[in-house]
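Student: Letter by letter, the sequence shown follows residues 1 to 1056 in the UniProt record's numbering. Just so it is clear, CB atoms sit at the ideal spot from N, CA and C, and this is done for glycine as well. Okay, handing you the structure first.
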Amino acid sequence: MKLIEQKRLHFKQGNSDKVYEVDLCELEAGAFLVNFRYGKTGGPLREGSKTPSPVDETKARSLYNKLLQDKMKKGYLDVSEKSQAKQVAAIQPPAKSLEGEDAQIAWILYHLQLAQLDPAAQKARNWKLSRVAWRAASLNIKAAGPYCWALFEQNHRGKSIDDMELYSLLWATAQLDTAVEDPSNLLTFWRSKKKAPSAKKLAPFVYWELADAARQQALLEEELPKLPELWQKALDRKDNDALAYQLRKAKGDKSMEEAFAMLYLLSPAMPYCRKPLVEVICEMEFRPNSFRLLRRLFKMATFRKDAQFWGALAYRFEKASPQYRMPRRNNQYVWVSYNRMRPKDELKKENSRLAFSNLTKDYFSDYMRKELDQLGQKGNIAYVAMATSLLLQYDDNRDGRTDRREKNWRFDNKKQRWIASVYHYPSYSKELIFNEILYANSQRYVYSPMKQEWVYGEHYDPDMPLPAPLSETKYAELWQQEPKAFLHLMAEAKSQKVLEFAHTAFMAHPMAKSLQKRLGLSYWKQLLSRPYQPLQTWALQEIVANYEKSGKPTAILLYLLDHDYVKAREQALAWLEADFFDYFADLDLVYSLLLHQRKDLRNWAQEALGRIVELYEAAKRQALLGRLLGFLLRSGQDQQLLMTEVESLLKSYFVDETQQLSLDLIGKFLRLPLAQQQAFGLYLLKGHAAEATQIPFEDIQYLFGKTADYWRYGLELLRHSSEQKLLQEGDFLLGLLEHREEDVRLASREVLAPLYAQNQAFAVDQMQQLLRKLIRKEKIEGLHALFADILTSELEGHLAEVDRKFIFRLLNAKYAPAQELAAVLIDRYIPYDSLSVANTVRLANHEIVAVRELAWKMFKEQKDRMRYEREEALRLLDVDWADSRQFAFTFFGEAYTAEDWNPSLMVGICDSVRQDVQQFGRQLITRFFEEEDGPMYLEQLSQHPRPELQLYATNYLERFGAGHPERILSLRDYFYTVLAQVNKGRIAKDRIWSFLAKEAKASFEVAQFLSDLATFISATAAIGDKEQAVIVLRDLQDQYPLLEQPIAIHDYPTQS
């Protein structure tokens, strides 16, 4: 058997990779067979035959060729070496006779086929495959789609791949609506570790476009659980607010870029998430943390022709300010956010601090215009949707600057004079893409390249009629195909120019009348809110017609009354006046009018109510009153003006009804948070028909927590309350004595006074509580004094019942009024002799004068006791208070006789550290001195450290020390102490030197002591004392030559 011809076919799509081999064989002369083999690439092949028995050559070739054609129609490619060479050779460049777009299409298909069969040959022709594919998509060459997909399948598996080439092939595959049986290889590529970041980011979006609904759902179920958990919860609940909150928290976080991209990828299957997603994306700043995501989403919105996202992002790119200006030279630096950096180096960093330069902004502006133009040139109806979405972003209040004039001067060298050029700029003059969509073919507005703005045309006249609809617009035929776009623009646009365009175009459209009939009331309401008067007039006519046809519904009336359009309100008011009594019989309508947000309408309704309210039956009056009161109960801070008006209505038209309101309801008003509500509650309470005794006491109590108007009325109610009720509220009345307002405290005291006089148990209980308050910190300055005054006046008769222990708690309290009251109570109810003398002395040392005076009184009234217990009584001399000590000097000086004093007592008094007490002690010694006590006085007084007493002791030296060497020597410490003092005690020192010098002459022992004393003083004392000591030593040397002295006396010659 001889092989005549063989073909090797290959099929590759998705996960399918198969080979098919066909053989034409000659079995013997005139007998031929057609055999085949097939299977997976690289695996064992199964065999078969189209000729069970040999056939002639003609029949065999027919079967052979038919089998090859069938397989190649299914996508098999001939990969036989000879066949490929023949196919490459068979591909010829397009004929030179082709021109224009036909030539471009032919060359693109030629390059795609060549790249599939011989990539090297295609590359050698110097047209990058990425540019070929991109151009194929731009020209919408449908035939190029399968080639682009096959080339992607062929190229993405290699070790060396071109990211931009794969990106372009994927983009073209999807844009050309290529039918792909199994696109799952895209997911494999997306999740692979291939270094093709741009192509991998695009891959899932291409997969979504190529996949059927089942595959899309499978991808959704697989990827949705990978989103952040809080996002998933919000999506599960379809809670747009929660989702928007979570998205805002994540914006600006680079790590969340993939999550945002995935949410956008899946958003067609979850349309409810699109609104919060686009809102948050449009809030992102064009800065490093978020710009990469914005750019990526904008490209994907362009890829999908997603008008909603594309329009919103295109507007952001058009309006955003660049972060920095790119320098002209690569080595130049820029300052951004107080940081100096070189863009050339910074932009290469993974965490670059730069993004969105002026050049990037210009690129995206050009890109957007080109993208729209390509759609329009290809006749793609998506142009209308995307242009509509972009126009909806513009707002007169934000973007529509007013018209302006600008005069520029230039010098004409030929004419040698200055020439003025006047430019008249319309609103939106700087919005380039906006004007290009609306006025590309306009004579009224033209683009000035020099100014890079749109200006009024040379022959523009503001009074000229509008041009024919769509005559100024590019791609008018596309707009004509989509009249619903005009309806969309009229309903939602915020720019008068857009509304003018949409309105004129729609009214001239042949389908306008049929479409208008389908429009409902809600649409006309939208049109009435547009800032374009012709639309408002048209919408109002339709609403009026609807009102007449539908039986004059109140809802339409209220809608027009609430509208900003003046003529709409005028129409509604005309309906109201025409059917006044019918409308005002409807309390819902009356209530709505009285609380309407427009003041002029409220004023009209309030005046109208005055005309009819008296005609209402009682039940209807009560119903309206209830609703108005309910409004006052529910109102907040932002409704105070309305509350004032409603209160005025109630005071004018419902006086009788408000006098009979429930006291519980009035209590609710008093406790509402707003001062205005509380004031109205007070008004209701004052005007109520109920007597004071009927008003709940908790409401009276509440009044005292408010301002003066409230508590004054509360006092009035208290004065008129029954004694029984007041006795039950003793704690509250006592609390009023601590009120922040003095008038309340004084008035409540007046209310309590008769209750104390007539109810002993009540008085005693109040007294006990007031006493306890005296030993606690007062809430307001002066309260303790008030409580003490009440206790010593209104409650004076009950003070005898105060416990003795508590009296001393009052005395030891921190507060003066309590201590003063304790003094009164001790004086009245505690016997003097029940207190020890020591405790009486403590009273004399108290900081409160009244307590000290009480102690003095006790001393005076217990003279004999104080004489008997004089050791304790004399402690009075050492108290801290001068007035008590002065009393003691007088008391002891007068009450005590010579029999009561002895030297030890008087010297003990002198031992005090207080000078006035020492002086008093010296006076006593002088007054009651006895000769036999002199030596003891000398001895004890000499031991005192105070200079005054040391001097006083010198008075007794001559009298009781002279001639008594043993006494003199016993005073050794006294002499050393006095003479060693520096710069003080001069008189005492002189007396001592004189005394000792005299006694030394009579006694060797004294002389020897004086020698030691003078030696010590001469070595330590000041110069004045040293001199005196040296003189003493010299005199002793003369008197007692044998006495050892530390000095030597020399005679010096003198000249006569």
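1. Is the beta carbon of Y653 closer than 8 Å to that of V613?
2. Would R316 be called buried (16 or more neighbouring beta carbons within 10 Å of its own) or exposed?
3. Less than 6 Å between C-beta atoms, sequence neighbours within five positions excluded: which residues of the same chain meet that for A476?
4. Using only the alpha-carbon positions, how far apart do H503 and S514 sit?
5. Is K549 helix, strand or coil by DSSP?
6. Report yes or no: is there a C-beta of chain B within less than 8 Å of the C-beta of Y460?
7. Near Y832, which residues of its chain fall below 7 Å by C-beta distance, leaving aside the five closest residues on each side in sequence?
8. Tell me whether the beta-carbon of E346 lies closer than 8 Å to the beta-carbon of S352.
9. Go ahead and pull the three-state DSSP assignment for residue 1063.
10. Would you call H720 buried or exposed, if buried means 16 or more other Cβ atoms sit within 10 Å of its Cβ?
11. Can you tell me which of the three DSSP states D162 falls into?
12. Alpha carbon to alpha carbon, how far is E47 from A90? Give it in angstroms, no decimals.
13. In chain order, what residues of the same chain lie with their CB nearer than 8 Å to the CB of L187, ignoring the 5 residues before and after it?
14. Can you grab the Cα-Cα spacing for the pair W538 / E436, in whole Å?
15. To the nearest angstrom, how far is it from the Cα of D743 to the Cα of E796?
16. Less than 8 Å separating the beta-carbons of L843 and L825?
17. Output the distance between the C-alpha atoms of E723 and R804, rounded to the nearest integer angstrom.
18. Distance, Cα to Cα, Q69 vs K275?
19. With distances taken between CB atoms, is the gap from F286 to A355 smaller than 8 Å?
20. For the pair the segment 579 to 590 and the segment 618 to 626, tell me if three or more CB-CB distances fall below 8 Å.
21. Within the same chain, show all residues whose beta-carbon is closer than 6 Å to that of A385, passing over the 5 residues directly before and after it, in chain order.
22. How long is the line joining the alpha carbons of Q681 and S522, rounded to whole angstroms?
23. From G379 to A136, what distance separates their C-alpha atoms?
24. Out of curiosity, what's the CA-to-CA distance linking L392 and K494?
25. Is the beta carbon of H563 less than 8 Å from the beta carbon of L528?
26. Okay, do the segment 316 to 331 and the segment 435 to 455 touch, 3+ Cβ pairs below 8 Å being the bar?
27. Hey, could you find the ends of the alpha helix (DSSP H) E577 is sitting in?
28. Could you give the DSSP three-state label for S970: helix, strand or coil?
29. Where does K86 fall in DSSP's three states?
30. In chain order, what are the residue ranges of uninterrupted alpha helix (DSSP H) at least 4 long that sit wholly in the segment 272 to 296?
31. By the three-class DSSP mapping on this structure, what secondary structure does E458 have?
32. Check for me: the alpha helix (DSSP H) holding V879 runs from which residue to which?
33. Under 8 Å, do R991 and T954 count as touching if we go by C-beta distance?
34. On a Cα-Cα basis, can you pick out the residue from W479, M511, P534, Q659 that is closest to E500?
35. Could you compute how far the alpha carbon of Q217 sits from the alpha carbon of W310?
36. Got a sec? Which residues, its chain only, sit under 6 Å from L593 by beta carbon, not counting five neighbours each side?
Tutor: On the basis of the supplied data:
1. Contact: yes.
2. By the 10 Å Cβ count, R316 comes out buried.
3. Short of 6 Å from the beta carbon of A476, and not among the five residues preceding or following it, lie these beta carbons of its own chain, in chain order: L470.
4. The alpha-carbon of H503 is positioned some 15 Å away from that of S514.
5. Note: K549 maps to helix in three-state DSSP.
6. Note that chain B does not occur in the displayed structure, where there is just one protein chain.
7. Same-chain partners within the cutoff: M858, E861, Q862.
8. Contact: yes.
9. Residue numbering for the chain in the displayed model covers 1 to 1056; residue 1063 lies beyond these limits and cannot be assessed.
10. Here H720 is exposed. Its C-beta has fewer than 16 other C-beta atoms within 10 Å.
11. DSSP, reduced to helix, strand and coil, places D162 outside both helices and strands of the structure shown, so it counts as coil.
12. With a pLDDT of only 49 at A90, under 50, the local geometry of the prediction cannot be trusted, and no value is derived from it.
13. Once the five neighbours on either side are set aside, the close Cβ partners of L187 are A203, P204, Y207, L219.
14. One alpha carbon belongs to W538, the other to E436, and they sit about 28 Å apart.
15. So the two alpha carbons sit approximately 23 Å from each other.
16. No, they are not a contact pair.
17. Their backbone Cα atoms lie some 33 Å apart in a straight line.
18. Distance between the alpha carbons of Q69 and K275 is about 52 Å.
19. Result yes, Cβ atoms of F286 and A355 sit closer than 8 Å.
20. A contact exists between the segment 579 to 590 and the segment 618 to 626.
21. Around A385, the same chain offers A307 as residues with beta carbons nearer than 6 Å, after the five sequence neighbours per side are excluded.
22. Reading the sequence as shown, one finds Gly at residue 681 and not Gln. Rounded to the nearest angstrom, the two C-alpha atoms are 43 Å apart.
23. Approximately 16 Å between the Cα atoms of the pair.
24. In a straight line, the C-alpha of L392 is about 7 Å away from that of K494.
25. Yes, the pair counts as a contact, with Cβ atoms nearer than the cut-off.
26. Flag = no, the segment 316 to 331 and the segment 435 to 455 do not touch.
27. From DSSP, the alpha helix (DSSP H) with E577 extends over 566 to 578.
28. Helix at S970.
29. With a pLDDT of 48 at K86, under the threshold of 50, the predicted position of this residue should be treated as unreliable, and no value is reported.
30. Listed in chain order, the complete alpha helix (DSSP H) runs (minimum 4 residues) inside the segment 272 to 296 are 274 to 281.
31. Coil.
32. Here V879 belongs to no alpha helix (DSSP H), and DSSP marks it neither H nor E.
33. Taking 8 Å as the Cβ cut-off, R991 and T954 qualify as a contacting pair.
34. The shortest Cα separation from E500 among W479, M511, P534, Q659 belongs to P534.
35. The alpha-carbon of Q217 is positioned some 24 Å away from that of W310.
36. The beta carbon of L593 lies closer than 6 Å to those of A605 in the same chain, with the five residues before and after it left out.
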